[in-house]
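Taking the numbering used here, the leading residue of the sequence shown gets 180, the next gets one more, and so forth. Think of the CB as a built atom: it goes at the ideal place given N, C-alpha and C, for glycine as much as any other residue. See below for the structure under consideration.
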Amino acid sequence: MKKKILLHICCGPCAIYPIEYLKNMDFEVTGLYYNPNIHPLMEYIKRRDALLEVAKYYNIKIILKDKDYCLDDYFRKVVFRENNRCFYCYQMRIEKTVSIANKGKFDYFTTTLLYSKFQKHNVIKSLCEDLRMGKKVKFFYHDFREGWKYGIDKSKELNIYRQQYCGCIYSEFERFKKELNN
Ligand code: SF4
Numbered sequence: 180m181k182k183k184i185l186l187h188i189c190c191g192p193c194a195i196y197p198i199e200y201l202k203n204m205d206f207e208v209t210g211l212y213y214n215p216n217i218h219p220l221m222e223y224i225k226r227r228d229a230l231l232e233v234a235k236y237y238n239i240k241i242i243l244k245d246k247d248y249c250l251d252d253y254f255r256k257v258v259f260r261e262n263n264r265c266f267y268c269y270q271m272r273i274e275k276t277v278s279i280a281n282k283g284k285f286d287y288f289t290t291t292l293l294y295s296k297f298q299k300h301n302v303i304k305s306l307c308e309d310l311r312m313g314k315k316v317k318f319f320y321h322d323f324r325e326g327w328k329y330g331i332d333k334s335k336e337l338n339i340y341r342q343q344y345c346g347c348i349y350s351e352f353e354r355f356k357k358e359l360n361n
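Right, dumping it as structure tokens:
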């Protein structure tokens, strides 16, 4: 029987390589879209819908957590600790993933955050290891960054929406602040 893995997914393009890799490892892959860090809401929806296209292409199930998209929860975690906001942002999403994977009797969990060259890879890995302590579900670690270029090329081939910034309103500002005068 195939082992069940819950893959936390931040967006469609980042999901491509991890889904292919895990399917090739003979896992039964279920995706989880839980990302209250993505602002504004319409951007969250665009990324969600792009992921649903990817999921259809690879024929995997997605657990959508739209009802848990809560701006307040996100900002309560990061306001006054903006310099370390990514840590709290990862923590929030990984905590939820571990909880759903454990309750859902998945054998493993992992995250597409481990695919991005722009994220703090070792911080994410440590959080996954720490947050599963005492739980039955296991963390499946793999450095998905090896598939960075493949994922980009494939997302272009599939014509999947590709975002211009990480997710939160802070990252949107950092990406586009050069548009401001002065
Ligand atoms: S930059 Fe990205 S990882 Fe960091 S807090 Fe913003 S959305 Fe989260």
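Endpoints, beta strand (DSSP E) assigned at residue i
i	result
Gly191	Not the beta strand (DSSP E): Gly191 falls in the alpha helix (DSSP H), residues Gly191 to Asn203.
Phe355	Where Phe355 is concerned, there is no enclosing beta strand (DSSP E), although the alpha helix (DSSP H) it sits in stretches over Ile348 to Phe355.
Val208	Glu207 to Tyr212
Tyr253	That residue, Tyr253, is in no beta strand (DSSP E); its alpha helix (DSSP H) goes Leu250 to Val257.
Residue i at chain D interface by Cβ criterion, 8 Å
i	result
Asn238	Absent from the structure: chain D. Only one protein chain is present.
CB-CB length for residue i against residue j, believed under 8 Å
i	j	result
Ile348	Glu232	Not quite, the Cβ-Cβ distance comes to about 25 Å (not below 8 Å), so this is no contact.
Phe285	Lys183	5 Å
Gly330	Tyr196	4 Å
Leu211	Thr289	In fact, because the Cβ distance is near 10 Å, the residues do not count as touching under 8 Å.
Candidates the options, of which the one nearest residue i by Cα
i	options	result
Arg168	Gly346, Ile195 and Gln270	Beyond the ends of the chain as shown, which are 180 and 361, falls residue 168; an answer cannot be given.
Lys304	Pro219, His321 and Tyr344	His321
Phe206	Ser295, Val302, Asn238 and Tyr344	Asn238
Val316	Met204, Ser334 and Tyr287	Tyr287
Glu199	Trp327, Glu274 and Leu220	Trp327
Gly191	Lys225, Ile273 and Pro215	Lys225
Leu292	Phe254, Ser278, Asp332 and Gly346	Gly346
Ile241	Glu274, Leu186 and Arg354	Leu186
Ile279	Ser295, Asp247 and Lys296	Asp247
Buried versus exposed call for residue i [16 or more other C-beta atoms within 10 Å across all chains shown]
i	result
Gln298	buried
Gln342	buried
Asn263	exposed
Val257	buried
Cys249	exposed
Arg272	buried
Phe319	buried
Pro215	buried
Pick out every residue whose C-beta is nearer than 6 Å to a heavy atom of ligand 1: which are they, in chain order? Those residues are Asn216, Arg264, Cys265, Cys268, Cys345, Gly346, Cys347, Tyr349 and Ser350, given in chain order.
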